[in-house]
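Peer 1:
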Amino acid sequence: MTLPSEMRGLLLVGDGYSKTPSASVPEAMEPYLKPGSIAVPAPGPTQALIKVSLASINPSDIAFITGQYGQPRVQGRPAGFEGVGIVASTGDDPYAKSLAGKRVAFATGVSNWGAWAEYAVAEAASCIPLLDTVRDEDAAAMIVNPLTALAMFDIVKQEGEKAFIMTAGASQLCKLIIGLAKEEGFRPIVTVRRDEQIPLLKELGAAHALNEKAADFEAALREVMKAEQPRIFLDAVTGPLASVIFNVMPKRSRWIVYGRLDAEATVIREPGQLIFQHKRIEGFWLAEWMRQFRDRLGPAVLEAQKRFSDGRWSTDVTAVVPLDEAMARLSDELVKPNGKVFVKP
Numbered sequence: 012m013t014l015p016s017e018m019r020g021l022l023l024v025g026d027g028y029s030k031t032p033s034a035s036v037p038e039a040m041e042p043y044l045k046p047g048s049i050a051v052p053a054p055g056p057t058q059a060l061i062k063v064s065l066a067s068i069n070p071s072d073i074a075f076i077t078g079q080y081g082q083p084r085v086q087g088r089p090a091g092f093e094g095v096g097i098v099a100s101t102g103d104d105p106y107a108k109s110l111a112g113k114r115v116a117f118a119t120g121v122s123n124w125g126a127w128a129e130y131a132v133a134e135a136a137s138c139i140p141l142l143d144t145v146r147d148e149d150a151a152a153m154i155v156n157p158l159t160a161l162a163m164f165d166i167v168k169q170e171g172e173k174a175f176i177m178t179a180g181a182s183q184l185c186k187l188i189i190g191l192a193k194e195e196g197f198r199p200i201v202t203v204r205r206d207e208q209i210p211l212l213k214e215l216g217a218a219h220a221l222n223e224k225a226a227d228f229e230a231a232l233r234e235v236m237k238a239e240q241p242r243i244f245l246d247a248v249t250g251p252l253a254s255v256i257f258n259v260m261p262k263r264s265r266w267i268v269y270g271r272l273d274a275e276a277t278v279i280r281e282p283g284q285l286i287f288q289h290k291r292i293e294g295f296w297l298a299e300w301m302r303q304f305r306d307r308l309g310p311a312v313l314e315a316q317k318r319f320s321d322g323r324w325s326t327d328v329t330a331v332v333p334l335d336e337a338m339a340r341l342s343d344e345l346v347k348p349n350g351k352v353f354v355k356p
């Protein structure tokens, strides 16, 4: 494949981290990104250069561009953690070379050459050769949400209780987990922000779907907690909502934080519960899970591809935004509920 000398992308304005909290979806992208051209990078020895077909946008991407993620920004480099495309060139590593010309899902990781551009760089180990039956829309969102869903549902199964609770219940990730839970007879409890989201989630397999904005939310939550006794809490929101949920959960509950959609302070209402009720608070980061459980990664990747291929899983698409329109449209598209937004170079 003949490579151009330059490429277009959405480039980071900030550098490093930021101590200023930001909204889960910025009102405008200009403080954090700018459109521009940059030299096409050369892959390192164990890396692949991918011609991007489609790139997804996750809450972790927004946290990253605003300086709130656990990885520093590099000013002037493209953002975007995952996508799908064709491997255009590779380093000299044998496995990397075996990917040449293949269609792959990829995660850019710490390469600092993100997916919101015409070309991206990823470690070969973070590239997944794809079955022909996997759509680009599913492949571009193949890693962050599907692998997180499989990994976190494994945590639920290990705990042994059939019921568990999740915030951001209408998110793509939670929908994937609800599907897994339904197949194995588990009872997911989810919170949402709109009544109209409830019927679909119950149809997918949610045992309970509670509107966190409802006047009787806390009373309804207490009733559900008493009846179901969930001990795993998968939380993408934090803030006051998570504080309420954790406070009414039973003894030996685990609050597993994997996102921070609410920038408000997160208060532990009764710290004594951590001592006398043996409650625990911990974090989940997919990158760390992938490093720690390498033996589980291959089977999880294969399982995700099978589910997308046979229709058990499907990515709900809100919008596919051309790269040239991204700065003007992304903020508006990202606030729409229930689906995934993609960038198309």
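Reminder that position 9 of the sequence shown reads as 20 in our numbering, one-by-one numbering, no gaps.
Even for Gly, the Cβ is constructed at its ideal location relative to N, Cα and C.
(1) Excluding the five sequence neighbours on either side, which residues of its own chain have a C-beta within less than 7 Å of the C-beta of Q284, listed in chain order?
(2) Based on Cα-Cα distance, which residue from P15, V255, D327, T329 lies nearest to R280?
(3) Given V331, which residues of its chain have a CB within under 6 Å of its CB, disregarding the five upstream and five downstream residues?
(4) How long is the line joining the alpha carbons of M260 and P282, rounded to whole angstroms?
(5) State the DSSP-derived secondary structure class of M177, mapped to helix, strand or coil.
(6) So Y130 is in the beta strand (DSSP E); what residue range does that whole segment cover?
(7) Please classify E38: is it buried, with 16 or more other beta-carbons within 10 angstroms of its beta-carbon, or exposed?
(8) Would you list the one or two residues that DSSP bridges to L65?
(9) Using C-beta distances below 6 Å, list every residue in its chain close to L161, excluding the 5 sequence neighbours before and after it, in chain order.
(10) How many angstroms separate the CA atom of R302 from the CA atom of P42?
(11) Can you tell me where the alpha helix (DSSP H) holding I40 begins and where it ends?
(12) Say whether the stretch 56-74 touches the stretch 335-355, bearing in mind that this needs 3 or more beta-carbon pairs closer than 8 Å, one atom from each stretch.
(13) By the DSSP assignment, the beta strand (DSSP E) with L245 in it spans what residues?
(14) Give me whichever residues DSSP pairs with M18 in a beta bridge.
(15) Using 8 Å as the threshold, is the C-beta distance between V115 and S122 below it?
(16) Between T77 and M40, what straight-line distance do the alpha-carbon atoms span, to the nearest angstrom?
(17) What are the residues that DSSP puts in a beta bridge with A116?
(18) Is it buried or exposed for T144, if we count other Cβ within 10 angstroms and need 16 for buried?
(19) What separation, rounded to the nearest whole angstrom, lies between the Cα atoms of K108 and K62?
(20) Please look up how many angstroms separate the CB atoms of V155 and L297, rounded, as I've assumed it's under 8 Å.
(21) Relative to the alpha-carbon of N258, which residue among L158, F244, A118 has its alpha-carbon at the smallest distance?
(22) Taking the beta carbon of S351 as the centre, do at least 16 other beta carbons fall within 10 Å, making it buried, or is it exposed?
(23) Under a three-way DSSP split, which group does A111 fall into?
(24) Nearest to M153 by CA position, among S137, A179, K168, M18, is which residue?
(25) Measure the C-alpha to C-alpha separation of A128 and L60 and round it to an integer number of angstroms.
(26) DSSP on R309, reduced to helix/strand/coil?
(27) So what's K351 in DSSP terms, helix, strand or just coil?
(28) Spatial neighbours of Y106 within its chain, please: C-beta separation below 6 Å, excluding the five flanking residues on both sides.
(29) What do you reckon, are the CB atoms on F92 and T119 nearer than 8 Å?
(30) Run the CB neighbour count on D206, radius 10 Å, all protein chains shown included, and call it buried at 16 or more, exposed below.
(31) How many Å lie between A225 and G81 at the Cα?
(32) When DSSP builds the beta bridges, which residues end up paired with G27?
(33) Could you tell me whether the stretch 206-215 touches the stretch 180-189, where touching means 3 or more Cβ pairs closer than 8 Å?
(34) Would you decide whether P348 is buried or exposed? Buried here means 16 or more other CB atoms lie within 10 Å of its CB.
(35) Tell me which residues share the same chain as G112 and place their Cβ nearer than 8 Å to its Cβ, disregarding the 5 neighbours each side in the sequence.
(36) Specify the secondary structure class of I279 as computed by DSSP and reduced to three states.
Peer 2: In brief:
(1) Here residue 284 refers to the residue found at position 273 of the sequence shown. The answer, listed in chain order, is K290.
(2) Locating residue 280 in the sequence shown gives position 269, counting from the first residue. R280 has its Cα closest to that of V255, out of P15, V255, D327, T329.
(3) Numbered from 1 along the sequence shown, position 320 holds the residue referred to as residue 331. So the list reads F353, K355, once near-sequence residues are dropped.
(4) As a first step, residue 260 must be located in the sequence shown, where it is residue number 249. As a first step, residue 282 must be located in the sequence shown, where it is residue number 271. If you take the alpha carbons of M260 and P282, they lie about 13 Å apart.
(5) The residue you call residue 177 lines up with position 166 of the sequence shown. If DSSP states are grouped into helix, strand and coil, M177 belongs with the strands.
(6) Position 119 of the sequence shown holds residue 130. Where Y130 is concerned, the enclosing beta strand (DSSP E) stretches over 130-134.
(7) By 1-based counting over the sequence shown, the position of residue 38 is 27. Answer is exposed; the Cβ neighbour count stays below 16.
(8) Start at 1 with the first residue of the sequence shown, and residue 65 comes out as number 54. V95, per the DSSP bridge assignment.
(9) Counting from one through the sequence shown, the residue named residue 161 turns up at place 150. If we look at L161 and ignore the five residues flanking it on each side, its Cβ neighbours are A311.
(10) In the sequence shown, residue 302 corresponds to position 291, counting from 1. In the sequence shown, residue 42 corresponds to position 31, counting from 1. Their backbone Cα atoms lie some 33 Å apart in a straight line.
(11) As a position in the sequence shown, residue 40 is number 29, starting the count at 1. First, the residue type needs correcting, since residue 40 is Met and not Ile in the sequence shown. Unbroken run through M40: none, as it is neither H nor E.
(12) yes
(13) As a working mapping, residue 245 is identified with position 234 in the sequence shown. Looking at the DSSP string, the run of the beta strand (DSSP E) that includes L245 is 243-246.
(14) For the purposes of this step, residue 18 is identified with residue 7 of the sequence shown, where counting begins at 1. Partner(s): I49.
(15) Position 104 of the sequence shown, counted from the first residue, corresponds to residue 115. Position 111 of the sequence shown, counted from the first residue, corresponds to residue 122. Going by C-beta atoms, V115 is not nearer than 8 Å to S122.
(16) On the sequence shown, residue 77 is found 66 positions in, with the first residue counted as 1. On the sequence shown, residue 40 is found 29 positions in, with the first residue counted as 1. For T77 and M40, the distance between alpha carbons rounds to 10 Å.
(17) Mapped onto the sequence shown, residue 116 falls at position 105. DSSP, once it has assigned bridges, lists V95, I139 as partnering A116.
(18) Working through the sequence shown from its first residue, we reach residue 144 at position 133. Result: exposed.
(19) Numbered from its first residue, the sequence shown carries residue 108 at position 97. Numbered from its first residue, the sequence shown carries residue 62 at position 51. Each residue's Cα considered, the two are about 15 Å apart.
(20) Numbered from 1 along the sequence shown, position 144 holds the residue referred to as residue 155. Numbered from 1 along the sequence shown, position 286 holds the residue referred to as residue 297. Contact holds; Cβ gap of about 6 Å.
(21) Here residue 258 refers to the residue found at position 247 of the sequence shown. Of the candidates L158, F244, A118, the one whose C-alpha sits nearest the C-alpha of N258 is F244.
(22) Residue mapping note: residue 351 aligns to position 340 of the sequence shown, counting from 1. Residue 351 is actually Lys in this sequence, not Ser. Burial call: buried.
(23) Numbered from 1 along the sequence shown, position 100 holds the residue referred to as residue 111. Reduced to three states, the DSSP call for A111 is coil.
(24) Position 142 of the sequence shown, counted from the first residue, corresponds to residue 153. When each option's Cα is compared against that of M153, the closest is S137.
(25) Your numbering for residue 128 matches position 117 in the sequence shown. Your numbering for residue 60 matches position 49 in the sequence shown. A128 and L60: Cα-Cα distance of roughly 12 Å.
(26) Here residue 309 refers to the residue found at position 298 of the sequence shown. It should be noted that the sequence gives Gly, not Arg, for residue 309. Three-state DSSP puts G309 in a helix.
(27) What you label residue 351 is simply residue 340 of the sequence shown in a count that begins at 1. K351 falls in the strand class under three-state DSSP.
(28) In the sequence shown, counting from the first residue as 1, residue 106 sits at position 95. A135, listed in sequence order.
(29) Counted from its first residue, the sequence shown places residue 92 at position 81. Counted from its first residue, the sequence shown places residue 119 at position 108. Against a cut-off of 8 Å, the Cβ pair of T119 and F92 comes out as a contact.
(30) The residue labelled residue 206 in the question sits at position 195 within the sequence shown. When all chains shown are included, D206 counts as exposed.
(31) Here residue 225 is taken as the residue at index 214 of the sequence shown, counted from 1. Here residue 81 is taken as the residue at index 70 of the sequence shown, counted from 1. Each residue's Cα considered, the two are about 34 Å apart.
(32) For the purposes of this step, residue 27 is taken as residue 16 along the sequence shown, with counting starting at 1. Paired residue(s): R84.
(33) yes
(34) Mapped onto the sequence shown, residue 348 falls at position 337. It is exposed - the Cβ of P348 has fewer than 16 other Cβ atoms within 10 Å.
(35) By 1-based counting over the sequence shown, the position of residue 112 is 101. So the list reads M12, I97, V98, once near-sequence residues are dropped.
(36) Working through the sequence shown from its first residue, we reach residue 279 at position 268. DSSP places I279 in coil when its eight states are reduced to three.
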